[in-house]
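**Q**
Here you go:
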């Protein structure tokens with residue numbers, strides 16, 4: 034399963050399995066993980082990018098260790114909703130990730146995620162060096178949290194319909 038529907042990702046993964054959030058940069062990959070109930074995203078770590086095969090192997094190890102069954106990859110769209118080269122690269126990476134690992138992968142619009150995280154870190158008076166260390170994995174958590182909120186909202190709406 035590959036696409037932009039996080040509800041399909043949720044349905045395609047077993048209950049009780051966490052999800053991995055991915056903020057794909059040109060030099061780094063920020064990773065975050067959800068709890069088993071898929072309510073809370075937590076920053077995990079930042080990987081230095083290397084070759085695709087090595088990056089995916091490391092991501093698979095981390096997912097297995099965390100009991101994760103799927104990935105939410107940030108899609109950096111332009112403010113007008115169009116997709117530039119970075120979005121195309123993220124889309125290609127996510128598609129290959131789904132194929133190589135044979136796991137569900139969903140894309141999530143990540144417009145302004147890094148800006149929001151930067152503002153939070155500045156408000157927390159983090160030094161420039163500390164912000165550089167944290168921004169990628171925190172952006173991954175921000176991306177994943179957005180997807181988790183969408184999944185949770187859909188579940189609550191479904192419960193409301195049942196009465």
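Numbering (our numbering), first residue to last: 34 to 196. From the three backbone atoms N, C-alpha and C, an ideal C-beta is built for every residue, glycine too.
1. Restricting to runs no shorter than 3 residues, where is the beta strand (DSSP E) found entirely within the region 114–149?
2. Taking the C-alpha atoms as reference points, what is the distance between residue 176 and residue 52?
3. Please list the terminal residues of the continuous beta strand (DSSP E) segment that includes residue 68.
4. How do the region 40–59 and the region 137–145 stand: do at least 3 beta-carbon pairs fall below 8 Å, yes or no?
5. What's the gap between the Cα of residue 137 and the Cα of residue 109?
6. Specify, as a first and last residue, the run of the alpha helix (DSSP H) that residue 38 falls within.
7. Should residue 23 go down as buried or exposed, given a rule of 16 or more other Cβ atoms within 10 Å for buried?
8. To which residues does DSSP link residue 108 through a beta bridge?
9. Does the beta-carbon distance from residue 79 to residue 169 come in below 7 Å?
10. In or out: residue 156 buried (at least 16 other Cβ within 10 Å) or exposed?
11. For residue 53, write down the residues that DSSP places opposite it in a beta bridge.
12. Whole angstroms is fine: what's the gap from residue 66's alpha carbon to residue 195's?
13. Specify whether the region 69–76 and the region 89–98 touch according to this definition: at least 3 beta carbon pairs, one from each stretch, less than 8 Å apart.
14. Which partner residues does residue 76 have in the DSSP bridge list?
**A** Per the coordinate set shown:
1. Within the region 114–149, the complete beta strand (DSSP E) runs of at least 3 residues are 138–142.
2. Just so you know, the alpha carbons of residue 176 and residue 52 end up roughly 12 Å apart.
3. In this chain, residue 68 is not harboured by any beta strand (DSSP E), its DSSP state being neither H nor E.
4. Three or more Cβ pairs drawn from the region 40–59 and the region 137–145 lie within less than 8 Å of each other, which places the two stretches in contact.
5. Counting only the Cα atoms, residue 109 lies some 19 Å from residue 137.
6. Taken as a continuous stretch (DSSP letters only), residue 38 belongs to no alpha helix (DSSP H), as it is neither H nor E.
7. Absent from the model: residue 23. The displayed extent of the chain is 34 to 196, so no value can be given.
8. 142, per the DSSP bridge assignment.
9. Result yes, Cβ atoms of residue 79 and residue 169 sit closer than 7 Å.
10. Residue 156 comes out exposed.
11. Partner(s): 66 and 104.
12. Looking at the two C-alpha atoms, the distance is approximately 30 Å.
13. Verdict: no, contact absent.
14. Looking at the DSSP assignment, residue 76 forms a beta bridge with 65.
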